[in-house]
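Data block below; observations after.
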Amino acid sequence: MIGRFVNVHINSEYLTICELEVYGELVTPSPSFGAVVMGRKVVVVEKKLSWSDAVLYCRDFYWDLLSIRSEEEQVEVGEVLSTASFPLTKHVWLGLRRYLMDGTWFWMSGPSVDYSSWETDHIWRVTSPCGGIDTSGHFHWNDLPCGDHLHFICLTGEDFLKYTYINTAGFYLILISIYIIFMEVYFLMLHFPLITTLSGHSFLFFYGFKSMQQNQRYCLFYPERSVSS
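Heads up, the sequence shown is in full-length UniProt numbering, so the first residue is 1 and it goes up one at a time.
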(Lines of atoms letter the chains of each structure in order from A; the text may use other names.)
(Lines give C-alpha, C1' and ligand atoms only; values in the text may rest on other atoms or scores of the structure.)
Protein backbone atom coordinates (compact mmCIF):
# COMPACT_ATOMS: atom_id res chain seq x y z
CA MET A 1 0.00 0.00 0.00
CA ILE A 2 1.38 3.40 -1.01
CA GLY A 3 0.62 6.74 0.61
CA ARG A 4 1.97 9.73 2.45
CA PHE A 5 1.95 11.08 5.99
CA VAL A 6 2.34 14.76 6.90
CA ASN A 7 2.60 16.16 10.41
CA VAL A 8 2.99 19.95 10.56
CA HIS A 9 3.64 21.84 13.79
CA ILE A 10 2.78 25.56 13.89
CA ASN A 11 3.37 26.58 17.53
CA SER A 12 2.26 25.69 21.03
CA GLU A 13 -0.99 27.65 20.73
CA TYR A 14 -2.30 25.85 17.65
CA LEU A 15 -3.24 22.27 16.97
CA THR A 16 -1.19 19.92 14.88
CA ILE A 17 -2.26 19.49 11.25
CA CYS A 18 -2.24 15.79 10.36
CA GLU A 19 -2.74 14.65 6.79
CA LEU A 20 -2.84 11.01 5.75
CA GLU A 21 -3.49 9.72 2.25
CA VAL A 22 -3.38 6.02 1.41
CA TYR A 23 -3.52 4.83 -2.18
CA GLY A 24 -4.43 1.42 -3.53
CA GLU A 25 -4.68 -0.06 -7.00
CA LEU A 26 -8.17 -0.52 -8.45
CA VAL A 27 -9.22 -4.11 -8.98
CA THR A 28 -9.58 -5.00 -12.65
CA PRO A 29 -12.83 -6.81 -13.56
CA SER A 30 -12.55 -10.36 -14.88
CA PRO A 31 -12.90 -10.99 -18.65
CA SER A 32 -16.50 -10.80 -19.79
CA PHE A 33 -18.80 -10.95 -22.79
CA GLY A 34 -21.15 -8.00 -23.32
CA ALA A 35 -24.47 -7.84 -25.18
CA VAL A 36 -27.81 -6.01 -25.22
CA VAL A 37 -31.11 -7.57 -24.06
CA MET A 38 -34.26 -5.57 -24.84
CA GLY A 39 -32.30 -2.34 -24.71
CA ARG A 40 -30.53 -3.26 -21.47
CA LYS A 41 -26.79 -3.89 -21.44
CA VAL A 42 -25.74 -7.19 -19.89
CA VAL A 43 -22.36 -8.77 -19.21
CA VAL A 44 -21.66 -12.50 -18.96
CA VAL A 45 -18.70 -12.75 -16.58
CA GLU A 46 -16.09 -15.45 -17.11
CA LYS A 47 -15.25 -15.63 -13.41
CA LYS A 48 -16.93 -18.48 -11.49
CA LEU A 49 -18.45 -17.48 -8.15
CA SER A 50 -21.07 -18.57 -5.65
CA TRP A 51 -24.44 -16.85 -5.94
CA SER A 52 -23.86 -14.37 -3.10
CA ASP A 53 -20.36 -13.51 -4.34
CA ALA A 54 -21.78 -13.01 -7.83
CA VAL A 55 -24.31 -10.51 -6.41
CA LEU A 56 -21.51 -8.54 -4.74
CA TYR A 57 -19.35 -8.71 -7.86
CA CYS A 58 -22.10 -7.32 -10.10
CA ARG A 59 -22.86 -4.56 -7.61
CA ASP A 60 -19.18 -3.62 -7.37
CA PHE A 61 -18.43 -3.50 -11.10
CA TYR A 62 -21.82 -3.16 -12.84
CA TRP A 63 -25.24 -2.87 -11.23
CA ASP A 64 -26.83 -6.19 -10.20
CA LEU A 65 -27.40 -9.78 -11.24
CA LEU A 66 -29.72 -9.97 -14.22
CA SER A 67 -33.48 -10.17 -13.86
CA ILE A 68 -35.63 -11.53 -16.71
CA ARG A 69 -39.00 -9.79 -16.88
CA SER A 70 -40.67 -11.18 -20.02
CA GLU A 71 -40.65 -13.95 -22.59
CA GLU A 72 -38.95 -11.60 -25.07
CA GLU A 73 -36.10 -11.01 -22.64
CA GLN A 74 -35.88 -14.74 -21.95
CA VAL A 75 -35.43 -15.45 -25.69
CA GLU A 76 -32.75 -12.77 -26.05
CA VAL A 77 -30.87 -14.00 -22.97
CA GLY A 78 -30.82 -17.47 -24.50
CA GLU A 79 -29.34 -16.01 -27.69
CA VAL A 80 -26.67 -14.20 -25.70
CA LEU A 81 -25.70 -17.34 -23.82
CA SER A 82 -25.58 -19.43 -26.99
CA THR A 83 -23.06 -17.01 -28.53
CA ALA A 84 -20.84 -16.50 -25.44
CA SER A 85 -17.15 -16.09 -26.24
CA PHE A 86 -16.04 -18.73 -23.71
CA PRO A 87 -17.36 -22.14 -22.55
CA LEU A 88 -20.08 -21.68 -19.94
CA THR A 89 -20.87 -23.72 -16.85
CA LYS A 90 -24.00 -25.91 -17.03
CA HIS A 91 -25.95 -23.13 -15.34
CA VAL A 92 -25.39 -19.40 -15.06
CA TRP A 93 -26.50 -17.36 -12.08
CA LEU A 94 -29.44 -14.97 -12.34
CA GLY A 95 -30.60 -12.53 -9.68
CA LEU A 96 -33.20 -15.04 -8.48
CA ARG A 97 -33.66 -15.85 -4.80
CA ARG A 98 -36.33 -17.74 -2.86
CA TYR A 99 -37.84 -16.80 0.49
CA LEU A 100 -37.14 -19.71 2.80
CA MET A 101 -40.44 -19.40 4.67
CA ASP A 102 -43.05 -19.55 1.89
CA GLY A 103 -41.06 -20.53 -1.19
CA THR A 104 -41.79 -17.29 -3.07
CA TRP A 105 -39.17 -16.25 -5.61
CA PHE A 106 -38.02 -12.67 -6.09
CA TRP A 107 -35.49 -10.68 -8.09
CA MET A 108 -32.61 -9.09 -6.18
CA SER A 109 -32.88 -5.96 -8.33
CA GLY A 110 -36.44 -5.32 -7.14
CA PRO A 111 -39.00 -6.36 -9.81
CA SER A 112 -41.50 -9.06 -8.88
CA VAL A 113 -41.31 -12.41 -10.66
CA ASP A 114 -44.33 -11.94 -12.95
CA TYR A 115 -42.76 -14.04 -15.70
CA SER A 116 -40.98 -17.36 -15.21
CA SER A 117 -39.38 -20.09 -17.29
CA TRP A 118 -38.94 -22.96 -14.87
CA GLU A 119 -38.54 -26.53 -16.03
CA THR A 120 -41.86 -28.35 -16.39
CA ASP A 121 -43.02 -30.17 -13.22
CA HIS A 122 -40.02 -28.82 -11.33
CA ILE A 123 -39.86 -29.63 -7.61
CA TRP A 124 -38.19 -27.07 -5.34
CA ARG A 125 -35.35 -28.32 -3.20
CA VAL A 126 -34.98 -26.86 0.29
CA THR A 127 -31.19 -26.78 -0.08
CA SER A 128 -31.35 -24.81 -3.35
CA PRO A 129 -32.80 -21.32 -2.74
CA CYS A 130 -30.81 -19.58 -5.50
CA GLY A 131 -31.81 -19.38 -9.15
CA GLY A 132 -29.88 -19.84 -12.37
CA ILE A 133 -30.51 -20.46 -16.05
CA ASP A 134 -29.61 -23.62 -17.97
CA THR A 135 -27.04 -23.15 -20.76
CA SER A 136 -27.49 -26.51 -22.50
CA GLY A 137 -29.90 -25.13 -25.09
CA HIS A 138 -33.34 -25.03 -23.43
CA PHE A 139 -32.42 -22.13 -21.12
CA HIS A 140 -34.89 -23.13 -18.42
CA TRP A 141 -34.55 -21.74 -14.92
CA ASN A 142 -33.37 -24.01 -12.12
CA ASP A 143 -33.12 -23.75 -8.35
CA LEU A 144 -29.53 -24.46 -7.33
CA PRO A 145 -27.36 -24.66 -4.20
CA CYS A 146 -26.12 -21.12 -3.55
CA GLY A 147 -22.56 -22.32 -2.98
CA ASP A 148 -22.09 -23.63 -6.53
CA HIS A 149 -19.38 -21.73 -8.41
CA LEU A 150 -20.87 -20.71 -11.76
CA HIS A 151 -20.58 -18.04 -14.41
CA PHE A 152 -23.14 -15.26 -14.02
CA ILE A 153 -24.87 -12.43 -15.89
CA CYS A 154 -24.66 -8.86 -14.65
CA LEU A 155 -26.99 -6.06 -15.64
CA THR A 156 -25.37 -2.73 -16.44
CA GLY A 157 -26.10 0.41 -18.43
CA GLU A 158 -28.81 1.81 -16.11
CA ASP A 159 -26.62 4.59 -14.79
CA PHE A 160 -29.36 6.60 -13.16
CA LEU A 161 -30.21 3.59 -11.03
CA LYS A 162 -26.60 2.63 -10.48
CA TYR A 163 -25.75 5.95 -8.89
CA THR A 164 -28.74 5.76 -6.56
CA TYR A 165 -27.56 2.41 -5.28
CA ILE A 166 -25.25 2.47 -2.28
CA ASN A 167 -23.76 -0.86 -1.34
CA THR A 168 -23.17 -1.83 2.26
CA ALA A 169 -19.49 -0.87 2.26
CA GLY A 170 -20.17 2.51 0.73
CA PHE A 171 -22.99 3.19 3.17
CA TYR A 172 -20.79 2.48 6.17
CA LEU A 173 -17.94 4.56 4.79
CA ILE A 174 -20.33 7.52 4.55
CA LEU A 175 -21.46 6.98 8.14
CA ILE A 176 -17.86 6.66 9.35
CA SER A 177 -16.89 9.87 7.55
CA ILE A 178 -19.74 11.77 9.21
CA TYR A 179 -18.79 10.23 12.56
CA ILE A 180 -15.14 11.25 12.20
CA ILE A 181 -16.02 14.85 11.33
CA PHE A 182 -18.41 15.12 14.28
CA MET A 183 -16.03 13.51 16.76
CA GLU A 184 -13.05 15.57 15.61
CA VAL A 185 -14.99 18.77 16.31
CA TYR A 186 -16.22 17.43 19.65
CA PHE A 187 -12.81 16.34 20.91
CA LEU A 188 -11.25 19.48 19.53
CA MET A 189 -13.42 21.45 21.94
CA LEU A 190 -12.58 19.16 24.89
CA HIS A 191 -8.81 18.88 24.15
CA PHE A 192 -9.04 15.10 24.40
CA PRO A 193 -7.46 12.42 22.22
CA LEU A 194 -9.57 10.90 19.48
CA ILE A 195 -9.13 7.26 18.50
CA THR A 196 -10.93 5.87 15.48
CA THR A 197 -10.63 2.99 13.02
CA LEU A 198 -11.23 3.19 9.27
CA SER A 199 -10.88 0.37 6.73
CA GLY A 200 -8.88 -1.81 9.11
CA HIS A 201 -6.31 0.87 10.02
CA SER A 202 -6.23 2.70 13.33
CA PHE A 203 -5.60 6.40 13.70
CA LEU A 204 -4.83 8.23 16.95
CA PHE A 205 -5.09 12.02 17.00
CA PHE A 206 -3.88 14.02 20.01
CA TYR A 207 -5.43 17.41 20.45
CA GLY A 208 -3.34 19.72 22.65
CA PHE A 209 -3.00 17.77 25.88
CA LYS A 210 -2.03 20.10 28.75
CA SER A 211 0.48 17.55 30.03
CA MET A 212 2.40 17.45 26.75
CA GLN A 213 5.64 19.35 26.57
CA GLN A 214 5.63 22.66 24.80
CA ASN A 215 6.20 22.54 21.03
CA GLN A 216 5.17 18.87 20.80
CA ARG A 217 2.18 17.55 18.95
CA TYR A 218 1.56 13.99 17.87
CA CYS A 219 -0.28 12.24 15.09
CA LEU A 220 0.06 8.45 15.12
CA PHE A 221 -0.87 5.94 12.43
CA TYR A 222 -0.68 2.31 13.45
CA PRO A 223 -0.29 -0.73 13.28
CA GLU A 224 2.09 -0.09 10.36
CA ARG A 225 4.12 2.66 12.00
CA SER A 226 3.93 5.32 14.70
CA VAL A 227 5.71 8.62 14.18
CA SER A 228 6.00 11.87 16.10
CA SER A 229 7.16 15.36 15.41
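No residue lacks a Cβ here, since even glycine has one placed at the ideal position from N, Cα and C.
By Cβ distance below 8 Å, which residues in the same chain neighbour Thr-127 in space, the five residues on each side in sequence not counted?
-> Hits under 8 Å: Pro-145.
For the beta strand (DSSP E) containing Asp-134, list its first residue and its last residue.
-> Here the beta strand (DSSP E) through Asp-134 covers 130-134.
Buried or exposed: where does Gly-95 fall if 16 or more other Cβ atoms within 10 Å of its Cβ makes it buried?
-> Result: buried.
Start and end residues, alpha helix (DSSP H) containing Val-80 = Run containing Val-80: 71-82, per the alpha helix (DSSP H) assignment.
When burial is assigned at 16 or more other CB atoms within 10 Å of the CB, is Glu-119 buried or exposed?
-> Exposed.
With C-beta atoms as the reference, is Trp-93 less than 9 Å away from Phe-139?
-> For Trp-93 and Phe-139, no; Cβs fall outside 9 Å.
Please work out which residues of its chain come closer than 7 Å, Cβ to Cβ, to His-149, disregarding the five sequence neighbours upstream and downstream, and give them in chain order.
-> Sequence-distant partners of His-149 (beyond 5 residues in either direction) whose C-beta falls short of 7 Å from its own C-beta, in its chain, are Lys-48, Leu-49, Ser-50.
Rounded to whole angstroms, what's the CA-CA distance from Ala-54 to Arg-97? Just pull it up for me.
-> Each residue's Cα considered, the two are about 13 Å apart.
Proximity below 9 Å, CB of Tyr-115 to CB of Glu-71 = Yes.
Quick one: what's got a C-beta closer than 7 Å to Val-37's C-beta in the same chain, skipping five residues either side?
-> The residues Glu-73, Glu-76, Val-77, Val-80, in chain order, have a CB closer than 7 Å to that of Val-37 in the same chain once the five nearest residues on each side in sequence are set aside.
Quick one: does Ser-50 have its CB under 9 Å from some CB of chain C?
-> Of the protein chains in the structure, only one exists, and it is not chain C.
Enumerate in chain order the residues of its own chain whose CB-to-CB distance from Pro-223 is below 6 Å, with the five nearest sequence positions on each side excluded.
-> Note that Pro-223 scores a pLDDT of 42, beneath 50, so its modelled location is shaky and nothing firm can be said.
In or out: Ile-178 buried (at least 16 other Cβ within 10 Å) or exposed?
-> By the 10 Å Cβ count, Ile-178 comes out exposed.
Based on the DSSP secondary-structure assignment, which residues constitute the bridge partners of Lys-41?
-> Looking at the DSSP assignment, Lys-41 forms a beta bridge with Val-36, Thr-156.
Looking only at DSSP bridge pairs, what is Leu-144 linked to?
-> The secondary-structure analysis by DSSP pairs Leu-144 across a beta bridge with Cys-130.
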